[in-house]
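Student: In order, the protein sequences belong to chains G and L. Throughout the first sequence, residue numbering follows this note's numbering, covering 5 to 563 in sequence. Throughout the second sequence, residue numbering follows this note's numbering, covering 5 to 563 in sequence. Once you've had a glance at the structure underneath, I'll fire off some questions.
Number of protein chains: 2
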Amino acid sequence: MAERTNSLEEKSRLVSAFKERQSSKNLLSCENSDRDARFHRTETDFSNLFARDLLPAKNGEEQTVQFLLEVVDILLNYVRKTFDRSTKVLDFHHPHQLLEGMEGFNLELSDHPESLEQILVDCRDTLKYGVRTGHPRFFNQLSSGLDIIGLAGEWLTSTANTNMFTYEIAPVFVLMEQITLKKMREMIGWSSKDGDGIFSPGGAISNMYGIMAARYKYFPEVKTKGMVAVPKLVLFTSEHSHYSIKKAGAALGFGTDNVILIKCNERGKIIPADLEAKILEAKQKGYVPLYVNATAGTTVYGAFDPIQEIADICEKYNLWLHVDVSTVIHRAAQFLQGVEAALFYDLPQLLPTLQLAFSAHQNSFSSSLVTNQPLMTDTAQRPGSCASFRANSVTWNPHKLMGVLLQCSAILVREKGILQGCNQMCAGYLFQPDKQYDVSYDTGDKAIQCGRHVDIFKFWLMWKAKGTVGFENQINKCLELAEYLYAKIKNREEFEMVFDGEVAPKIKALMMESGTTMVGYQPQGDKANFFRMVISNPGATQSDIDFLVEEIERLGQDL
Amino acid sequence: MAERTNSLEEKSRLVSAFKERQSSKNLLSCENSDRDARFHRTETDFSNLFARDLLPAKNGEEQTVQFLLEVVDILLNYVRKTFDRSTKVLDFHHPHQLLEGMEGFNLELSDHPESLEQILVDCRDTLKYGVRTGHPRFFNQLSSGLDIIGLAGEWLTSTANTNMFTYEIAPVFVLMEQITLKKMREMIGWSSKDGDGIFSPGGAISNMYGIMAARYKYFPEVKTKGMVAVPKLVLFTSEHSHYSIKKAGAALGFGTDNVILIKCNERGKIIPADLEAKILEAKQKGYVPLYVNATAGTTVYGAFDPIQEIADICEKYNLWLHVDVSTVIHRAAQFLQGVEAALFYDLPQLLPTLQLAFSAHQNSFSSSLVTNQPLMTDTAQRPGSCASFRANSVTWNPHKLMGVLLQCSAILVREKGILQGCNQMCAGYLFQPDKQYDVSYDTGDKAIQCGRHVDIFKFWLMWKAKGTVGFENQINKCLELAEYLYAKIKNREEFEMVFDGEVAPKIKALMMESGTTMVGYQPQGDKANFFRMVISNPGATQSDIDFLVEEIERLGQDL
């Protein structure tokens with residue numbers, strides 16, 4: 005550390021020494037003295053303009069501005085319609101229909117360029133035949149809504165077009181990531197100084213990082229020697245957990261057979277006794293238990309595994325505890341009168357996951373209103389100082405209930421240095437130790453990627469624009485809607501009846517054709533297909549819930 | 005297949021049966037009959053507006069439009085300045101300076117919201133303190149330039165805010181990906197019908213897919229049983245190859261020791277005899293050789309491994325051949341008079357990688373002008389019908405020399421079904437087999453990700469707008485510039501001298517401070533630090549090369 009400081013100081017001296025000389029020679033400014041222009045649309049004929057006429061083409065500035073303003077017009081119209089309930093969620097076509105070409109919308113690529121006019125038409129058509137995931141009646145995925153601040157952030161991100169691997173070419177974004185990760189760790193309840201993390205391309209990759217970190221922590225030799233050099237390792241996760249745990253198990257060389265599924269109760273929560281029994285069983289067979297994934301909000305039932313009891317078991321057997329809160333969010337105190345601290349909460353994911361078709365399941369939700377299990381160990385918290393959260397790593401997807409645009413997922417690790425140790429390859433062309441700045445800010449050696457997309461800015465900007473309280477309000481609104489839906493379904497005869505198991509796919513097919521709303525379905529265990537109701541769209545209101553329920557009834561009435 | 009058709013037909017009947025009934029009830033339209041609005045900026049006071057006042061807020065439309073138009077103004081100014089040589093490439097600050105806050109630019113997140121006025125200032129500041137990777141004098145990374153069509157595509161992509169995992173929510177993008185991957189495979193020279201591929205978050209992940217595909221092809225049991233159940237596998241790659249091969253080796257459970265490095269000649273190309281010797285050596289030691297990575301354009305020297313000879317060896321020993329063309333591009337015929345077919349070519353990456361500081365290396369480049377090694381087996385090709393390209397998998401990054409915005413990388417696999425077999429987990433909540441459309445279009449089960457960002461649209465749109473010929477012209481321009489630089493350096497005394505090995509970092513530090521241009525440096529083997537010159541920026545001209553050379557001289561003159 006002393007060495008680094010010295011080296012930095014030396015560089016600073018070097019830089020200062022030449023600075024004066026340079027500044028006298030250097031007539032360039034970065035911010036530019038000329039004031040920013042205000043751009044105005046003019047009627048432009050794009051039929052004779054081509055990509056080659058845009059910047060960096062000579063005199064390409066005016067065409068560039070007009071072209072981009074035209075694109076923005078298309079996008080603003082799309083945004084406007086996205087929130088307009090008189091428009092459809094989608095205009096469904098089968099793959100073969102789109103491939104054949106819809107009214108001149110030709111997906112094939114050719115050797116020769118199209119005019120900018122045609123490119124603008126292509127943009128309109130692309131949106132026309134797509135799905136409006138921001139529509140208030142899109143309930144199909146956990147990622148929904150279209151946050152305007154996030155959208156602005158993403159437009160800026162693509163304009164900046166840079167890469168997260170070094171501070172050198174992404175100084176501001178790298179610092180934003182660091183600050184945001186710190187904030188997230190604090191919310192989890194880890195000490196703010198410790199810990200590490202990185203944004204990754206989605207929750208599945210974040211979950212993969214969690215397993216890699218566990219493996220490296222206990223068996224660092226795996227990095228050089230591989231899986232053959234370590235004991236036969238097994239991972240534990242619930243039968244209701246996300247499929248990415250098994251996927252990572254396959255990819256990382258554990259094998260899916262060595263991802264042992266723990267039984268859940270009827271609410272979809274891990275049965276701790278089954279976990280302990282399976283750990284003992286594995287040990288007896290000569291396997292080494294490495295890792296447990298607990299889910300805080302499962303994908304289908306929205307169940308919260310009993311983290312405290314699982315953490316006790318992990319401590320007892322010295323296992324890594326990963327908590328997958330992909331689908332959930334930090335939710336602050338006002339819902340739990342008086343506890344002024346960050347809590348992961350049972351309700352948000354549980355209630356939205358209403359199995360509309362099965363009355364038998366509905367009674368499980370009322371209890372969730374009473375038995376809330378905060379993930380924190382210390383429930384008597386001082387404001388802003390949550391006590392130790394017991395996980396070793398956490399997957400957190402802001403692109404779900406927080407409404408951040410896709411993609412935005414983070415892996416958080418309680419112990420600093422593990423990500424770096426696990427993934428560092430010290431590529432000489434990127435991570436030169438003799439740079440003029442503090443290279444501990446270069447993030448590339450923590451990642452399994454080389455280039456890494458800037459996912460942080462939209463999230464940072466949304467946080468700035470909403471504040472923590474804004475996220476809370478947004479999420480509370482979803483919770484209230486979920487309660488509303490729950491109450492509505494409960495009192496509605498049509499949803500008490502046990503439909504034929506094939507009704508959900510049929511209603512969904514009709515729903516897609518009609519394009520009026522979207523909601524997912526799936527079977528689970530011995531249950532036939534049911535609707536998986538997701539309420540995470542900040543644009544949805546009670547009227548949209550009413551609409552959905554009516555629509556399901558309407559579409560299903562003749563089946 | 006017959007079953008699928010029947011099932012589809014049945015669904016079609018079902019859908020048709022209800023269509024009429026629905027359409028009579030359904031008053032919504034997707035395209036909307038009202039014409040698209042044309043939006044105009046008005047003077048808006050953003051100081052009392054907040055995120056909560058934007059859509060989906062009631063009456064939020066006007067504020068939303070005005071806010072986004074204001075953001076667009078900021079972005080258009082940035083775009084304009086990016087191409088303006090009188091502006092700096094960057095305005096360098098150390099991490100601690102940015103963290104302390106620059107003239108009111110505060111990176112910290114707070115509980116309470118900022119006004120939209122402050123958000124707009126944050127956007128301006130974010131760009132102000134960033135790096136203009138699209139500046140004509142940014143030579144620091146293979147990803148550079150700011151393609152306007154790609155930018156428009158990325159703005160649209162973020163507005164559509166959807167996910168590639170199912171046709172259901174990304175019908176148009178899924179088909180665009182399929183069509184583009186097919187085109188890319190054809191260019192490689194594989195039969196258009198066969199083959200598979202997927203866009204991934206960067207070349208490192210694409211390379212990881214290549215190794216996973218190889219492992220699954222030869223040892224499918226690894227998916228369920230893990231690395232302990234298969235022989236001790238080894239991978240081969242050159243000592244000059246990208247570090248992501250080792251990174252993937254570590255992650256996937258091979259271990260970096262089992263990624264065997266093949267010796268290169270002085271040009272940085274694999275010595276085939278060394279490859280064969282190391283394969284035999286590994287076999288003798290009881291290891292099973294699985295995979296060879298050949299690089300078509302190494303990261304630092306830009307060397308092309310001798311693919312044909314490596315392919316011969318792979319065939320002889322039954323190994324999977326992956327070709328990492330991350331850094332290179334398809335380049336069409338006109339440069340090689342008369343061969344009217346797609347060729348991977350030796351020059352594009354080799355010439356740009358000029359080691360400015362070392363005269364000893366410069367003679368290696370002149371030969372590259374003569375000895376071009378196409379990657380195709382069949383060099384006597386008919387136009388449009390390249391014969392078999394011998395790799396089993398290929399990594400291709402359009403976000404490098406093709407100038408597509410970050411991120412855009414594809415893994416291409418010659419044999420269909422391997423990606424699916426390797427990664428399929430059949431998640432019930434996403435990949436329901438009983439959907440109303442042909443679910444073979446759902447891509448999620450090929451990926452190691454669950455959610456997957458839409459990386460295809462900007463690339464598809466650029467291809468539409470430029471045509472294949474447009475990409476060729478763009479790349480030829482880079483090649484010509486590289487030749488120009490080579491000629492210039494060769495005749496310049498200042499670059500013939502062998503600098504002290506520490507000169508490159510020092511010049512780079514001064515360059516960052518001055519902000520006038522950016523170029524990377526690194527050591528290699530026993531060579532001290534040298535500049536790694538990348539010419540892939542479509543905005544660069546001869547004047548920028550002149551500027552760079554002068555600038556290196558100027559900054560280095562007093563060292």
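From the three backbone atoms N, C-alpha and C, an ideal C-beta is built for every residue, glycine too.
Applying a beta-carbon distance threshold of less than 7 Å, which residues of chain G neighbour F43 of chain L?
Tutor: Result: D77 and L80.
Student: Counting only the same chain and skipping the five closest in sequence on each side, list residues whose C-beta sits under 6 Å from that of A233 of chain L.
Tutor: The residues are E225.
Student: What number of angstroms, rounded off, separates the C-alpha of R418 of chain G from the C-alpha of N211 of chain G?
Tutor: Approximately 14 Å, taken between the alpha carbons.
Student: Looking at the structure shown, is N311 of chain G part of a helix, part of a strand, or coil, going by DSSP?
Tutor: Asn is not the amino acid found at residue 311 of chain G; the sequence shown has Ile there. Helix.
Student: Looking at G206 of chain L and G230 of chain L, is the spacing between their C-beta atoms short of 9 Å?
Tutor: No; because the gap between Cβ atoms is not below 9 Å, this pair is not in contact.
Student: In the DSSP output, what is P293 of chain G paired with across the bridge?
Tutor: Partner(s): G:V238.
Student: Measuring only between beta-carbons, confirm whether I264 of chain G sits less than 9 Å from chain L.
Tutor: No, because no Cβ of chain L sits closer than 9 Å to the Cβ of I264 of chain G.
Student: Where does S51 of chain G fall in DSSP's three states?
Tutor: Three-state DSSP puts S51 of chain G in a helix.
Student: Measure the alpha-carbon distance for L410 of chain G versus T447 of chain G and round it to whole angstroms.
Tutor: If I take the Cα positions, the gap works out to 21 Å.
Student: Please state whether DSSP places S518 of chain G in a helix, a strand or coil.
Tutor: In this structure, S518 of chain G counts as helix in the three-state DSSP scheme.
Student: Thinking C-beta only, is G560 of chain L closer than 9 Å to Q145 of chain L?
Tutor: Contact flag unset, no.
Student: Rounded to the nearest angstrom, how far is the Cβ of T399 of chain L from that of V329 of chain L, given a contact under 8 Å?
Tutor: Their Cβ separation, rounded to whole angstroms, is 6 Å, which keeps T399 of chain L and V329 of chain L in contact under 8 Å.
Student: So is S547 of chain L buried or exposed if we call it buried at 16+ other beta carbons inside 10 Å?
Tutor: Result: exposed.
Student: Quick one: grab the DSSP three-state call for H326 of chain G.
Tutor: In this structure, H326 of chain G counts as strand in the three-state DSSP scheme.
Student: In whole angstroms, what separates the C-alpha of D200 of chain G from that of S148 of chain G?
Tutor: For D200 of chain G and S148 of chain G, the distance between alpha carbons rounds to 28 Å.
Student: Going straight from the alpha carbon of A431 of chain G to that of Y247 of chain L, what length do you get?
Tutor: In a straight line, the C-alpha of A431 of chain G is about 6 Å away from that of Y247 of chain L.
Student: Looking at chain L, is there any beta carbon in it that lies within less than 9 Å of the beta carbon of F50 of chain G?
Tutor: No, its Cβ sits nowhere closer than 9 Å to a Cβ of chain L.
Student: Do A255 of chain L and M216 of chain G come within 9 Å of each other at the CB atom, strictly closer than that value?
Tutor: In contact: M216 of chain G and A255 of chain L (Cβ atoms closer than 9 Å).
Student: Would you mind giving the Cβ-Cβ distance between Y433 of chain G and R536 of chain L, rounded to the nearest angstrom? I have them listed as a contact below 8 Å.
Tutor: Sure, about 6 Å apart at Cβ, within 8 Å.
Student: For the region 156-173 of chain L against the region 434-445 of chain L, do three or more pairs of beta-carbon atoms, one drawn from each stretch, fall closer than 8 Å, so that the two count as touching?
Tutor: As far as the Cβ criterion goes, the region 156-173 of chain L touches the region 434-445 of chain L, which means the pair count is three or higher.
Student: Use the C-beta contact count for T46 of chain L: other C-beta atoms within 10 angstroms, 16 or more gives buried, fewer gives exposed.
Tutor: Exposed: under 16 other Cβ atoms inside 10 Å.
Student: In this structure, does DSSP put N211 of chain L in helix, strand or coil?
Tutor: Here N211 of chain L sits in helix by DSSP.
Student: At 9 Å on the CB atoms, spell out the chain G contacts of P293 of chain L, in chain order.
Tutor: Result: empty, since nearest Cβ-Cβ is about 15 Å, beyond 9 Å.
Student: What does the alpha-carbon distance come out to for the pair P310 of chain L and K197 of chain G?
Tutor: Whole-angstrom Cα-Cα distance: 50 Å.
Student: Please name the residue in G:R219, G:Q70 and G:G290 whose C-alpha comes closest to that of L325 of chain G.
Tutor: Comparing Cα-Cα distances from L325 of chain G to each of G:R219, G:Q70 and G:G290, the minimum goes to G:R219.
Student: Can the beta-carbon of D77 of chain L be found closer than 9 Å to that of G108 of chain L?
Tutor: Contact flag unset, no.
Student: I'd like to know whether the C-beta atoms of I415 of chain L and L405 of chain L end up nearer to each other than 9 Å.
Tutor: No, Cβ-Cβ distance for I415 of chain L and L405 of chain L is not below 9 Å.
Student: First and last residue of the beta strand (DSSP E) that includes W400 of chain L?
Tutor: Run containing W400 of chain L: S397 to W400, per the beta strand (DSSP E) assignment.
Student: I need the straight-line Cα distance from L351 of chain G to L483 of chain G, nearest angstrom please.
Tutor: Note that L351 of chain G scores a pLDDT of 37, beneath 50, so its modelled location is shaky; the value from the coordinates is reported in the next line. In a straight line, the C-alpha of L351 of chain G is about 8 Å away from that of L483 of chain G.
Student: Give a single yes or no on whether Q453 of chain G has its beta carbon closer than 8 Å to a heavy atom of the ligand HEM.
Tutor: This structure lacks the ligand HEM, and indeed carries no ligand of any kind.
Student: How big is the Cα-Cα spacing for D57 of chain L and D95 of chain G?
Tutor: Each residue's alpha carbon lies about 29 Å from the other.
Student: Enumerate, from N- to C-terminal direction, the unbroken beta strand (DSSP E) stretches of 3 or more residues contained entirely within the region 168-209 of chain G.
Tutor: Counting only runs of 3 or more, we get 200-204.
Student: Against chain L, with Cβ distances strictly below 9 Å, would A286 of chain G count as a contact?
Tutor: No, A286 of chain G lies away from the interface with chain L (no Cβ there is under 9 Å from its Cβ).
Student: Going along the region 404-421 of chain L in order, which residues come within less than 7 Å of chain G, judged by CB to CB distance?
Tutor: Under the 7 Å Cβ criterion, the region 404-421 of chain L contributes L409, L410 and Q411.
Student: With respect to the alpha helix (DSSP H) encompassing R128 of chain L, which residues constitute its N-terminal and C-terminal limits?
Tutor: Taken as a continuous stretch (DSSP letters only), the alpha helix (DSSP H) holding R128 of chain L covers L120 to K132.
Student: Can you look up G425 of chain L in the DSSP assignment and give me helix, strand or coil?
Tutor: Of the three classes helix, strand and coil, the one that applies to G425 of chain L here is helix, per DSSP.
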